[in-house]
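Trainee: One structure, as structure tokens, below. Some questions next.
Residue numbers (the numbering used here): -18 to 42.
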């Protein structure tokens, strides 16, 4: 597997895990961090999806 793809998958997963941990530990009122948590999950998923796309693209070339 391409090293860039592996790096992007690791970075995307790390962003998701650390973002969710931050949102859980710093939760004040109920649901106040929900938009932040959704944003973190979306960004992490986009990075991981781009890694998979990059891997498939490199296989095709």
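The beta carbon of each residue, even a glycine, is placed where N, CA and C say it ideally should be.
Cα separation between residue 0 and residue 40?
Mentor: C-alpha separation (whole angstroms): 31 Å.
Trainee: Apart from the five residues just before and just after residue 25, which ones in its own chain have a Cβ nearer than 6 Å to its Cβ?
Mentor: Closer than 6 Å at Cβ, skipping near neighbours: -7, -4, -3.
Trainee: If you count every other CB in all the chains shown that lies within 10 Å of the CB of residue 32, and 16 or more means buried, which is it?
Mentor: Buried, since its Cβ has 16 or more Cβ neighbours within 10 Å.
Trainee: Please report the distance separating the alpha-carbon of residue 35 from that of residue 13.
Mentor: Looking at the two C-alpha atoms, the distance is approximately 35 Å.
Trainee: Mapping the DSSP letters down to three states, classify residue 43 as helix, strand or coil.
Mentor: Residue 43 falls outside the range modelled here, since the chain spans only -18 to 42, and no answer is possible.
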